[in-house]
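Protein chains in written order, with this note's numbering: chain F, -8 to 622; chain Y, 75 to 244.
For glycine and all other residues, C-beta sits at the position ideal for the given N, C-alpha and C.
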Amino acid sequence: MSNASRRNFLTRAGALAAAGAVGAVKSASAAAGPERTIKLPDAIPTALGMPAKPAAFPMRGGQVFAKVCKDEGLAALFCCPGNYDVINSICDEGIPCYGGRTEGAMCAAADGFIRVTGEIAATSGTEGPGFTNMIMNIAAANAARTPLLVLASNKRISEDDTEMGIQTAFQQPTTEGMRKYGKRLIDPARLYEYSSYAFRALKTGVPRPVHLDFPGEVYGKTFKDSSELKFYYDTARVHTDAKPHPDPKRIERLATMIQKSQRPIIVASTGVFYSRAWDALKKVAEKADIAVVESGCSRGHFSDAHRLSASTSPSALHSADLVIFVGQYCMPNVGEYAFSADAQYVRIDPDAGDIGRNMPIDLGIVSCEKAALEALSFAIGSQRREAWVAELAAAREKFEGENDTYYKTALGYTDAIHPAVMARQLSDFLYRGDLAKEQTTVVAGGYGIARYMRRFLRAYRPGQLCNGAYQYGAIGPDLGYSFGVAAAVQMGVGPQAAYKGHPIVGITGDAGFAYSGMELETMAKYRMPVVMIVYNNNAWGIPNYAGKAAHMYLFQENLRYDKMAEALGGRGEYVTQPEEFMPALKRAYQIAAKDRVPVLINCQGKKEFWQRGNSPGFLGKTEPGCMAYDH
Amino acid sequence: MKLGPRQAAGIQSGDKSPHSKMPAAIDAVNAVLENYARRGVFTSFVREGSRFRFTWLWNRPFELRFDARQRALVFPAILPKPADIEKEARRFLRSCAAEDRPVHRRIDPERMAVSFTKQKGALTLVCRVRGGDYEHAVRTAINLVNEMFVLFLNTEHPRYLMEQFERPED
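Next comes the structure, spelled out in structure tokens:
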């Protein structure tokens, strides 16, 4: 297997373990004759139906590592060919695996999967081009504080500095600054030990990506028994699931601050999701009428429908007199969150070294978020703050009124579809139509389109909304995120369990589509029911469409991304006027649900919508809350 | 003058020349502003007579002047080149004293009057103090400016912030 080639991998594809029977996909536009109809090769459903085949000694390096992954509960692998020993072995262990079209998008898929499940997933690619193709999305995962396991093969140590063959690359320096931990594995005997390093880093403290690269001497080494592996213990012995608990005196002090506060607010961010603290959060908020506003790379750990939610009450944020950051790993600077200059700040975070960064605090509490909130729920007394709750409600109503105004204004454009129309009607479909409002998981991506979508998208349960461009601002990974989120929902992982099998919705722009559009084929291959909405305004970049440089921002107009979807095994809809969007959305959803295929809705906008004088124009945002993506 | 934590906050003492006809008032203004620096709301702070300079929102420099004659807190040229937003900025200012605004955020006209004056193509914010409560006035003025930037401009005029305040474009 050390000489495994791409051809060998394809013939061994039976090791794939992702669930779900698949059949042929027909495309209305693929009319080149029945023999040319887009179809799945039989090998794919056959492979997907094969049972797991866990390894036993004697094992190769890849198998040893795969066993650690299985023992540690790795939830999924998203990869492209390359690093064969490792990915085939992970697949053999029965861990759900998915093979896509580009490493970058598969890296994003793993990130998206994690953002809506809270479980650890891996991505993998070959040593040189495959690995470097992931870089943008490793950086995005790092900015989002995603516990992403990045794997890549590497050349043999014995070939270091020789440029023998191809794909010479020094990987670890490349991910410096965009990971929590990284290691090029050198000594085969320490493979198990370093695998434990990796999972320790992924499972404790503030998460970020971990990068391991496997030289040939490591993944290809055969171990006849455990005596050849150092630290080969039960995985439970090499790390702990214990969490840091808060200092009771500080919890008491916080309880006093809450008691004295008239308008307290909790900023519930990434750490609330990863520590699965949503029940404790709700208990604290309800006991003392504390408002809750969300931030982070996923939303829904505090329902937007709750009377204490401030996620859609942006104008009320400035009234808060006590701000309690819980698990806000990516800290804003003064002026980036819309709180008043007189607000007091408290930070609850597992990393003492980060408390006080950017925003000086009045009280710091080092703790697992869930442990702190549970402790706080006992320490605080019951309080009612009717005036504060009323202010939140009034602010919510004002915000919805603004959105309604945008929508009505946007309906006046009939030569193209305005983002406000898309956003409002999507919102009507998802939350005020036949679907349960908690049902559909959504990936909110794109740039300009996102400024509208975020105003209208809601989250009612944990992991319902994946905030695509969070902090790093990458617009390209959206179809990758969507694939990973779809995989999570199809398998019903973590908080997606109750919504298993339902279609998901992904949103991107025409610029974003270019980076990961080929993953429509991956969605079709794995029969992922994804409604992919593409806002097509024939341009990208900040609106500056006149002058000599204009050509650099403009695309050919009226491009047919819908036909690309059809050509890749999905379905397509092309929407050019406001009244066409809702019917297209309904058709797309029904097809995705019934036929288990991705459906792309190509929404023909125009670049002029962002230009001055075209109300409502290029929108700003208020953070934290539903519009947030910087922090 | 004890510095202590102020040094860590980047606070410097500046010009101490006699300047004010209202030493108690300006001391009150100074005390409130200095406390923002102590708390880290301002990341630097310097007093030069009746002029206060501090680094604040988005790490940008701000200036507040105390006009003893007018009993006013003045933010000179706080909105440069306001052509596209002037009307809206004035509307925002009026809204801050509106009846439908929560009491704790409403500007009480009996305690302070706020207005924009146009000087050299920029809007200067003038907060005239009524009743002599300078601590309240400084807090109100600072929060007014805070809200003007982090809510009003950030939400409604992102392009103005990009063009005039070098806020990131993407």
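By a C-beta neighbour count over all protein chains shown, 10 Å radius and 16 as the cutoff for buried, is residue i buried or exposed?
i, result
"G14 (chain F)", "Below a pLDDT of 50, predicted positions are generally treated as unreliable, and G14 (chain F), at 45, falls in that range; the measurement from the model is reported next regardless. Label assigned to G14 (chain F): exposed."
"V144 (chain Y)", "Residue identity check: residue 144 (chain Y) is Gln in the sequence provided, not Val. Exposed, because fewer than 16 other Cβ atoms sit within 10 Å of the Cβ of Q144 (chain Y)."
"R338 (chain F)", "buried"
"P255 (chain F)", "buried"
"V16 (chain F)", "Note that V16 (chain F) scores 48 on pLDDT, short of 50, meaning its location in the model is unreliable and no value can be drawn from it."
"Q193 (chain Y)", "exposed"
"V177 (chain Y)", "exposed"
"H542 (chain F)", "exposed"
"A102 (chain Y)", "buried"
"L68 (chain F)", "buried"
"L545 (chain F)", "exposed"
"A9 (chain F)", "For A9 (chain F), the predicted structure reports a pLDDT of 44, less than 50, and the residue's modelled location is therefore unreliable. A value from the coordinates is still provided. So A9 (chain F) ends up on the buried side."
"E208 (chain F)", "buried"
"C617 (chain F)", "buried"
"F330 (chain F)", "buried"
"A12 (chain F)", "Reliability of the predicted coordinates at A12 (chain F) is poor, the pLDDT of 37 falling under 50, and the value obtained from them is presented with this limitation in mind. Exposed, by the Cβ-count rule."
"Q568 (chain F)", "exposed"
"R665 (chain F)", "In the structure displayed, chain F extends from -8 to 622; residue 665 (chain F) sits before or after that span and is not available."
"Q581 (chain F)", "exposed"
"D395 (chain F)", "exposed"
Is residue i near residue j, with beta carbons less than 8 Å apart?
i, j, result
"K234 (chain F)", "P49 (chain F)", "no"
"L421 (chain F)", "V412 (chain F)", "no"
"S144 (chain F)", "F56 (chain F)", "no"
"I159 (chain Y)", "V219 (chain Y)", "no"
"I408 (chain F)", "G596 (chain F)", "yes"
"E327 (chain F)", "D621 (chain F)", "yes"
"R175 (chain Y)", "G205 (chain Y)", "no"
"T475 (chain F)", "F122 (chain F)", "In the sequence as presented, Thr is not what sits at residue 475 (chain F); that position holds Gly. Contact flag unset, no."
"L39 (chain F)", "G291 (chain F)", "no"
"V480 (chain F)", "I495 (chain F)", "yes"
"C60 (chain F)", "E94 (chain F)", "no"
"M523 (chain F)", "P589 (chain F)", "yes"
"V434 (chain F)", "S473 (chain F)", "yes"
"D333 (chain F)", "D312 (chain F)", "yes"
Mind checking which residues open and close the alpha helix (DSSP H) that includes residue i?
i, result
"M236 (chain Y)", "P232 to F239"
"G485 (chain F)", "Segment: none, G485 (chain F) is in no alpha helix (DSSP H) and carries neither H nor E."
"L383 (chain F)", "E377 to A401"
"R244 (chain F)", "P239 to K251"
"S286 (chain F)", "Run containing S286 (chain F): none; DSSP gives neither H nor E here."
"P242 (chain Y)", "Note, P242 (chain Y): premise wrong, no alpha helix (DSSP H); not H, not E."
"P36 (chain F)", "A34 to G40"
"E154 (chain F)", "Neither: E154 (chain F) is in no alpha helix (DSSP H) and is coded neither H nor E."
"R112 (chain Y)", "P97 to R112"
How is the beta strand (DSSP E) around residue i delimited, first residue to last?
i, result
"D295 (chain F)", "Run containing D295 (chain F): none; DSSP gives neither H nor E here."
"Q592 (chain F)", "For the sequence presented, residue 592 (chain F) should be read as Ile rather than Gln. V590 to Q595 is the extent of the beta strand (DSSP E) around I592 (chain F)."
"V212 (chain Y)", "First-last for V212 (chain Y): Y208 to E221, but that is the alpha helix (DSSP H), not the beta strand (DSSP E)."
"E137 (chain Y)", "P135 to D141"
"N529 (chain F)", "Careful: N529 (chain F) lies outside any beta strand (DSSP E) and carries neither H nor E."
"C201 (chain Y)", "A196 to V203"
"D204 (chain F)", "V201 to P206"
"F69 (chain F)", "A67 to C70"
Give the C-beta separation of residue i and residue j to the nearest angstrom, bearing in mind that I take them to be a contact with Cβ-Cβ under 8 Å.
i, j, result
"I177 (chain F)", "I148 (chain F)", "6 Å"
"A515 (chain F)", "G560 (chain F)", "3 Å"
"A135 (chain F)", "R106 (chain F)", "7 Å"
"G611 (chain F)", "N228 (chain Y)", "5 Å"
"S368 (chain F)", "K274 (chain F)", "5 Å"
"A113 (chain F)", "L142 (chain F)", "6 Å"
"G500 (chain F)", "G437 (chain F)", "4 Å"
"L31 (chain F)", "L140 (chain F)", "At roughly 28 Å, the Cβ-Cβ gap does not stay under 8 Å, so L31 (chain F) and L140 (chain F) are not in contact."
"R415 (chain F)", "F447 (chain F)", "6 Å"
"T513 (chain F)", "G91 (chain F)", "4 Å"
"V258 (chain F)", "V197 (chain F)", "Incorrect: roughly 16 Å between the Cβ atoms, too far for contact."
Looking at the ligand MN, does it come within less than 7 Å of residue i, judged from the CB to the closest heavy atom?
i, result
"D501 (chain F)", "Within the structure as shown, the ligand MN is missing, as the structure has no ligands at all."
Mind checking the segment 301 to 315 of chain F against chain Y and listing, in chain order, the residues whose C-beta falls within less than 9 Å of any C-beta there? Taking 9 Å as the cut-off between beta carbons, the residues of the segment 301 to 315 of chain F near chain Y are P305, S306, A307, L308, H309, S310 and D312, in sequence order.
Taking only beta carbons into account, state which residues of the segment 79 to 100 of chain F come closer than 9 Å to chain Y, listed in chain order. Correct list: empty, as no residue qualifies.
Short of 7 Å Cβ to Cβ, which residues in the segment 100 to 131 of chain F face chain Y? From the segment 100 to 131 of chain F, no residue has a Cβ closer than 7 Å to chain Y.
Listed from N- to C-terminal order along the chain, which residues in the segment 377 to 404 of chain F have their beta-carbon within a distance smaller than 7 Å of any beta-carbon of chain Y? When C-beta distances to chain Y are compared with 7 Å, the residues of the segment 377 to 404 of chain F below that value are E382, in chain order.
In chain order, what residues of the segment 276 to 288 of chain F put their CB closer than 8 Å to some CB of chain Y? Per Cβ criterion, the list is empty.
Check each residue of the segment 213 to 241 of chain Y: if its Cβ is closer than 7 Å to any Cβ of chain F, include it; give the result in chain order. Residues R213, I216, N217, N220, E221, F223, V224, L225, N228, T229, E230, H231, P232 and R233.
What residues in the segment 173 to 185 of chain Y bring their beta carbon closer than 7 Å to a beta carbon of chain F? Along the segment 173 to 185 of chain Y, going in chain order, the ones with a CB nearer than 7 Å to a CB of chain F are P176, H178 and R179.
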